[in-house]
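Enquirer:
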Amino acid sequence: MNSQRPARERAVAQATESVITRERFAQGKTYQEYIDSGIRNREQFDDNYASLSISEEQQAALGELAGHSNGPDHMVIIGEDWCPDVYRGMPVGVRIAEALGIEVRIFERDENKDMIAEYLKDGEFESIPVYIFYNAEHVELGHFIERPVLANEQMDQLYAVLGDMRPEAIAQRIGHEPSEEEIQQARAEGRERYLEWQRTSETWANWRVAAVDEVIELLRGAV
Numbered sequence: 002m003n004s005q006r007p008a009r010e011r012a013v014a015q016a017t018e019s020v021i022t023r024e025r026f027a028q029g030k031t032y033q034e035y036i037d038s039g040i041r042n043r044e045q046f047d048d049n050y051a052s053l054s055i056s057e058e059q060q061a062a063l064g065e066l067a068g069h070s071n072g073p074d075h076m077v078i079i080g081e082d083w084c085p086d087v088y089r090g091m092p093v094g095v096r097i098a099e100a101l102g103i104e105v106r107i108f109e110r111d112e113n114k115d116m117i118a119e120y121l122k123d124g125e126f127e128s129i130p131v132y133i134f135y136n137a138e139h140v141e142l143g144h145f146i147e148r149p150v151l152a153n154e155q156m157d158q159l160y161a162v163l164g165d166m167r168p169e170a171i172a173q174r175i176g177h178e179p180s181e182e183e184i185q186q187a188r189a190e191g192r193e194r195y196l197e198w199q200r201t202s203e204t205w206a207n208w209r210v211a212a213v214d215e216v217i218e219l220l221r222g223a224v
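Numbering (our numbering) for the sequence shown: 2 to 224.
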């Protein structure tokens, strides 16, 4: 999900409403500071960062956007380390920032509720990650929330890998009422399948690429 505002509206809103000021931006962590801060799922963050290949076409598009007079100058990412959409999407956002040649700062959602309140998915959900792009005057150009459209369209593939983890579904599979230990074992096995799918699935890899494409279109519509 991504969104742009008309330029005049963006400028007015940014000046009068946003809690993400230049000063607040400067208080955020760099990506290296964030991943070195003892986060969970460090391996997944590193794998998703290393596994994304930005194509020559994408790199050219991002370079063109960066050279625009109203192009992106800096970027905020809001997330939490436990969330699969974040440990896939935050590294993608960082790679986009690197391709643009812009600064990025990381903010943890649960410690910055006033920030996420400005970027609720469908006006209701604190979905993450959130990318927010700004020009050199710190006027918002647009934002991206959670995951690309392609991922939403293909979520059934993810659910098929995980399996139904409700106790009644587990009972149906094993033929008797599961103990708490059996429930936890089934869920642990589901997580292992999910992590292996993330490492090897073309679908998961395509979601990273699709996020780059959506951001390019977002910024093209804003500059």
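Idealized CB from N, CA, C, for every residue including glycine.
Once the 5 residues before and after I21 are set aside, which same chain residues still bring their CB inside 8 angstroms of it?
Expert: The residues are V77, M116, E119, I133.
Enquirer: Kindly give me the distance between the Cβ atoms of Q60 and A27, rounded to whole angstroms, as I take these residues to be in contact under 8 angstroms.
Expert: No, Q60 and A27 are not in contact; Cβ-Cβ is about 28 angstroms, not under 8 angstroms.
Enquirer: Can you tell me whether DSSP reads V95 as helix, strand or coil?
Expert: Helix, per DSSP.
Enquirer: Leaving out the 5 sequence neighbours to the left and right, which residues in its chain are closer than 6 angstroms to E1 when beta-carbon positions are compared?
Expert: Residue 1 is absent from the model: the chain starts at 2 and stops at 224.
Enquirer: When we look at the beta-carbon of E138 and count the other beta-carbons within 10 Å, is it buried (16 or more) or exposed?
Expert: Per the 10 Å Cβ criterion, exposed.
Enquirer: Which residue wins for smallest C-alpha separation from V236, given the options K30, A98, Y32?
Expert: An answer regarding residue 236 cannot be provided, because it is not within the stretch 2 to 224 covered by the chain.
Enquirer: Whole angstroms are fine: how far does the CA of S70 sit from the CA of Y160?
Expert: If you take the alpha carbons of Y160 and S70, they lie about 44 angstroms apart.
Enquirer: What's the gap between the Cα of F126 and the Cα of D82?
Expert: Taking the straight line joining both Cα atoms gives about 18 angstroms.
Enquirer: Using a 10 Å radius around the Cβ and a threshold of 16 neighbouring Cβ atoms, would you call R9 buried or exposed?
Expert: Any reading at R9 needs caution, since the residue's pLDDT is 43, under 50, leaving its predicted position unreliable; the model's value is listed next. The residue is exposed, with fewer than 16 neighbouring Cβ atoms inside 10 Å.
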